[in-house]
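**Student:** Numbering (our numbering), first residue to last: 36 to 251. We put the beta carbon where it would ideally sit given N, CA and C, even for glycine.
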């Protein structure tokens with residue numbers, strides 16, 4: 036989740052939006068089309084958008100990735116998300132104390148170095164998550180938005196999927212951290228089956244860190 040709270044992209048936007056146009060948001064999706072804003076920890080609120088995979092599976096630990104984005108994209112199994120390799124590097128995390136309108140939680144600004152990793156190119160879609168539900172029979176939690184700083188989300192206790200129509204390519208929302216972890220575990224099992232000789236015992240997929248999200 037970014038240290039800075041900026042305007043989120045509309046959930047009406049198709050999930051097939053390149054990652055660079057989504058970096059204003061959070062590593063966790065900010066809810067349905069009705070949502071305005073929630074101040075709680077996004078991981079606890081639950082609306083995850085992206086998965087990350089370590090450089091181990093890319094085979095580029097500590098090295099530069101290809102300059103062409105297409106050469107850095109990969110998909111490890113039919114159910115897996117399209118991933119984009121992010122080269123190793125360093126950046127200044129947080130906002131400078133002189134920035135106008137800065138939140139106290141955005142600092143102090145500090146240098147962060149990251150190894151190469153990969154990030155999901157698109158938001159996790161309802162269609163992708165429904166595939167997981169149908170195969171496993173897992174029952175996700177219903178979202179329960181709360182009021183914060185004058186922003187609100189009409190409707191409480193909505194269950195996945197919360198939309199009025201079948202929109203398989205919309206972002207998957209109304210999911211909490213536990214739902215995300217179960218989905219990630221299912222993906223890791225898929226990768227181990229598809230690549231038994233190379234997949235790690237614990238599986239490669241996880242939620243990205245705050246630093247990885249800001250850097251990407």
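Under a three-way DSSP split, which group does residue 241 fall into?
**Tutor:** Reduced to three states, the DSSP call for residue 241 is strand.
**Student:** State the beta-bridge partners of residue 171 as determined by DSSP.
**Tutor:** In DSSP, residue 171 forms no bridge with anything.
**Student:** Can the beta-carbon of residue 222 be found closer than 8 Å to that of residue 114?
**Tutor:** Yes, these two residues count as a Cβ contact at 8 Å.
**Student:** In its own chain, which residues sit with a C-beta less than 6 Å from the C-beta of residue 173, not counting the 5 before and 5 after it?
**Tutor:** So the qualifying residues of the chain are 217.
**Student:** I'd like to check one pair, residue 137 with residue 130: are the Cβ atoms closer than 8 Å?
**Tutor:** Result yes, Cβ atoms of residue 130 and residue 137 sit closer than 8 Å.
**Student:** Under 8 Å between the Cβ atoms of residue 156 and residue 128?
**Tutor:** For residue 156 and residue 128, no; Cβs fall outside 8 Å.
**Student:** Exposed or buried, residue 126, counting other C-beta atoms within 10 Å across all chains shown (16 or more means buried)?
**Tutor:** So residue 126 counts as exposed.
**Student:** For residue 226, does the three-state DSSP call read helix, strand or coil?
**Tutor:** Helix at residue 226.
**Student:** Give a yes or no on whether the C-beta atoms belonging to residue 249 and residue 152 are separated by under 8 Å.
**Tutor:** Not a contact, by the Cβ cut-off of 8 Å.
**Student:** Report the CB separation of residue 175 from residue 210 in whole angstroms; it is logged as a contact under 8 Å.
**Tutor:** With a Cβ gap of about 5 Å, residue 175 and residue 210 count as contacting.
**Student:** Determine the DSSP secondary structure at residue 129, reduced to helix, strand or coil.
**Tutor:** It is coil, neither helix nor strand.
**Student:** Quick check on this structure: which residue in 243, 245, 242 and 229 has the alpha carbon closest to the alpha carbon of residue 110?
**Tutor:** Selected option, being the one with the closest Cα: 229.
**Student:** Work out the CA separation of residue 123 and residue 225 for me, nearest whole Å.
**Tutor:** C-alpha separation (whole angstroms): 27 Å.
**Student:** Taking 8 Å as the threshold (beta carbon to beta carbon), is residue 232 in contact with chain C?
**Tutor:** Protein chain content of the structure displayed is limited to a single chain, and chain C is not contained in it.
**Student:** Nearest by alpha-carbon distance to residue 112: which of 227, 243, 245 and 242 is it?
**Tutor:** If we check each option's Cα against that of residue 112, 227 comes out closest.
**Student:** Considering only DSSP beta bridges, list what residue 148 is partnered with.
**Tutor:** Answer is 125, bridged to residue 148.
**Student:** By Cβ distance, which residues of its chain are closer than 8 Å to residue 146, with the 5 residues on each side in sequence left out?
**Tutor:** Taken in chain order, the residues that qualify are 125, 126, 127 and 128.
**Student:** Is it the case that the Cβ atoms of residue 139 and residue 206 are separated by a distance below 8 Å?
**Tutor:** Against a cut-off of 8 Å, the Cβ pair of residue 206 and residue 139 comes out as no contact.
**Student:** By alpha-carbon positions, which one of 132, 239 and 215 ends up nearest to residue 167?
**Tutor:** When only C-alpha atoms are compared, the closest one is 215.
**Student:** Suppose the cutoff is 7 Å on Cβ atoms and the five residues either side in sequence are ignored; what does the same chain contact list for residue 171 look like?
**Tutor:** Answer for residue 171: 221, listed in chain order.
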